[in-house]
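Take the sequence shown: its position 5, counted from the start at 1, is 6 in this note's numbering, and no numbers get skipped. All C-beta atoms, glycine included, are put in the ideal place defined by N, C-alpha and C. Input: a single structure, listed below in structure tokens.
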Amino acid sequence: MQKKVMITKQPLLLLALLLAIGAFHLNLKKTPDEKTIERYASYMALSFEAVGKVAPECQFTFLTGEKINLSDIAGKKCIIINFFATWCEPCKREIPYLNEFYEKFSGEKLFMVGVSSEKKETIKKFLEENKIDFNVAIDDGVIERNFGISSYPTTVVIGADGRIQFYNTGAIYNTEATLEPIVKRILSEIESGKTISKEEFLKLSRAESPIGVREHKKKGKLTEKEQRIAKQIYCPRGCGKNLIECDCAMCKEAIEMMRKEIEKGTPETEIVKKINVFYCSVKEQ
């Protein structure tokens with residue numbers, strides 16, 4: 002049985018890797034530096050790890066207050082989750098393309114949701130200026146953590162079998178080449194009855210290994226210089242706190258990154274810029 006699962010997973014992993022490489026080349030307009038290469042390599046590694054895993058069970062809470070569990074729709078619809086942040090420029094730039102894609106498939110068995118871990122008021126203000134046609138849910142950080150989100154935007158597609166079929170960090174502009182082939186295949190599988198039941202999904206989801214779990218060091222005591230820089234960098238999740246005030250996993254990672262840059266002698270303003278760009282998945286233009 003184990004061999005059968007691996008054989009099924011291989012083409013999905015290969016597809017995810019090829020798509021990630023393609024996105025890498027599309028987004029870079031000049032020779033990348035070492036930091037950029039490391040960043041994209043980490044995105045591809047995370048995609049390779051996530052694709053084929055049963056998605057973690059979660060509950061979406063929409064701005065209207067309505068709630069829905071992933072297990073209620075797993076196997077019944079093709080599920081697309083777009084993790085975004087209101088301050089992320091690539092997130093804003095991909096919205097028109099995602100809206101167009103959603104309108105094209107809205108009559109199908111498709112569930113598409115945008116997820117942000119920022120405050121409700123912040124998200125509402127963002128939506129007034131950036132129209133999103135699909136539903137938007139508020140996350141307290143649990144959904145992001147369970148899906149191993151390390152940067153924005155990240156788009157995840159869950160198939161008829163409840164497994165992750167696509168995991169892409171970076172803005173999506175060409176939905177015809179990236180999303181459509183996968184979504185059409187999933188919709189076909191749903192139509193033919195090749196689906197997973199709610200009970201089976203929950204059973205497999207609980208037994209699945211976590212996505213992107215890393216060991217996080219404690220912050221420890223910050224030097225005067227570290228404190229000065231950390232106060233200028235805000236939580237990548239958008240909670241409104243700076244790196245000193247917030248104790249989430251992303252902030253701990255950012256502090257470790259900051260310390261490495263300080264050791265290398267990187268100027269303070271450059272450190273702040275580098276860390277902010279790192280958590281927004283496309284280089285500044």
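Exercise for review: Indicate the three-state DSSP secondary structure (helix, strand or coil) for Met258 in the structure shown.
Suggested key: Three-state result, Met258: helix.
Point to revise | C-alpha distance - Ile144 paired with Arg260, whole-angstrom precision | key: In this structure, the alpha-carbon of Ile144 lies about 28 Å from that of Arg260.
Review point. In whole angstroms, what separates the C-alpha of Leu47 from that of Gly108?
Key: Each residue's CA atom was taken as its position, placing Leu47 and Gly108 some 32 Å apart.
Point to revise | Meets three-Cβ-pair contact criterion under 8 Å: the segment 227–235 and the segment 72–79 | key: Counting Cβ pairs under 8 Å, fewer than three are found: no touch.
Check your understanding: Among residues of its own chain, excluding the 5 on either side of Leu29, which ones have a beta-carbon nearer than 6 Å to its beta-carbon?
Key -> The predicted position of Leu29 is uncertain, since its pLDDT is 46 and thus under 50; no value can be drawn from it.
Point to revise | Straight-line gap, Met45 to Ile96 (C-alpha atoms, nearest Å) | key: If I take the Cα positions, the gap works out to 22 Å.
Practice item. Report the rounded CA-to-CA distance for Leu64 versus Lys265, giving the unit in angstroms. Key: Straight-line Cα distance between these residues: approximately 44 Å.
Check your understanding: Out of Pro211, Ile139 and Ala42, which has the shortest C-alpha to C-alpha gap to Arg146?
Key -> The residue with the shortest Cα to Cα distance from Arg146 is Pro211.
Practice item. Could you tell me which residues DSSP pairs with Val114 in its beta bridges? Key: For Val114, which the question treats as bridged, DSSP gives the partners Ile82 and Asn136.
Review point. How is Lys265 classed by DSSP in three states: helix, strand or coil?
Key: Lys265 sits in coil when the DSSP states are folded into three classes, being neither helix nor strand.
Point to revise | Cross-strand partners of Lys105 (DSSP beta bridge) | key: For Lys105, which the question treats as bridged, DSSP gives no partner whatsoever.
**Study point:** Between the CA atoms of Asn70 and Val278 - distance to the nearest angstrom
**Key:** Each residue's Cα considered, the two are about 33 Å apart.
Practice item. Decide if Lys121 is buried, meaning its Cβ has at least 16 other Cβ atoms within 10 Å, or exposed. Key: That one is exposed.
Check your understanding: If you draw a straight line from the alpha carbon of Thr267 to that of Lys226, how long is it in whole angstroms?
Key -> Between Thr267 and Lys226, the alpha-carbon positions lie close to 12 Å from each other.
Check your understanding: What span of residues does the alpha helix (DSSP H) with Gln228 cover, start to end?
Key -> According to the DSSP assignment, Gln228 belongs to the alpha helix (DSSP H) that extends over Glu225 to Ala231.
Check your understanding: Exposed or buried, what is Ser193 when buried is set at 16 or more other beta-carbons lying within 10 Å of its beta-carbon?
Key -> Ser193 should be labelled exposed.
**Study point:** Own chain, CB closer than 6 Å to Phe112, minus 5 neighbours either side, in chain order
**Key:** For Phe112, where only same-chain residues beyond five positions count, the Cβ hits under 6 Å are Ile74, Lys78 and Ile80.
Check your understanding: What is the DSSP secondary structure of Val273, reduced to helix, strand or coil?
Key -> If DSSP states are grouped into helix, strand and coil, Val273 belongs with the helices.
Check your understanding: Run through DSSP, which three-state label would Ile173 get?
Key -> In the three-state reduction of the DSSP assignment, Ile173 falls in the coil class.
Exercise for review: Spell out a yes or no on whether the segment 151–169 and the segment 196–206 are touching, meaning 3 or more CB-CB pairs, one atom from each, closer than 8 Å.
Suggested key: These segments touch.
Review point. Going by beta carbon distance, what residues of the same chain come within less than 8 Å of Gly221, once the five residues before and after it are set aside?
Key: Correct list: empty, nothing qualifies.
Point to revise | Helix, strand or coil at Lys68 according to DSSP, with G and I counted as helix | key: In the displayed model, Lys68 falls within a strand according to three-state DSSP.
Check your understanding: DSSP on Arg164, reduced to helix/strand/coil?
Key -> Of the three classes helix, strand and coil, the one that applies to Arg164 here is strand, per DSSP.
Check your understanding: Under a Cβ-count criterion, where at least 16 other Cβ atoms within 10 Å of its own Cβ denotes burial, should Thr170 be classed as buried or exposed?
Key -> It counts as buried.
Point to revise | Tyr103 versus Val157: straight-line alpha-carbon distance, rounded | key: Rounded to the nearest angstrom, the two C-alpha atoms are 14 Å apart.
Point to revise | Start-to-end residues for the beta strand (DSSP E) that takes in Lys61 | key: In the sequence under discussion, the amino acid at residue 61 is Phe, which differs from the Lys named in the question. From DSSP, the beta strand (DSSP E) with Phe61 extends over Gln60 to Phe63.
Exercise for review: Under the assumption that Glu50 contacts Gly213 (Cβ atoms under 8 Å), give the Cβ distance between them as a whole number of angstroms.
Suggested key: Yes, they are in contact, since the Cβ atoms of Glu50 and Gly213 sit about 7 Å apart, within 8 Å.
Point to revise | Beta-carbon proximity check, Cys1 vs Ala86, cutoff 9 Å | key: One cannot answer for residue 1 here, as it falls past the ends of the chain, which runs 2 to 286.
Exercise for review: In angstroms with no decimal places, state the Cα-to-Cα distance between Ile276 and Asn131.
Suggested key: Ile276 and Asn131: Cα-Cα distance of roughly 25 Å.
Exercise for review: Kindly indicate which three-state DSSP category Asn131 falls into: helix, strand or coil?
Suggested key: Asn131: coil per DSSP, three-state reduction.
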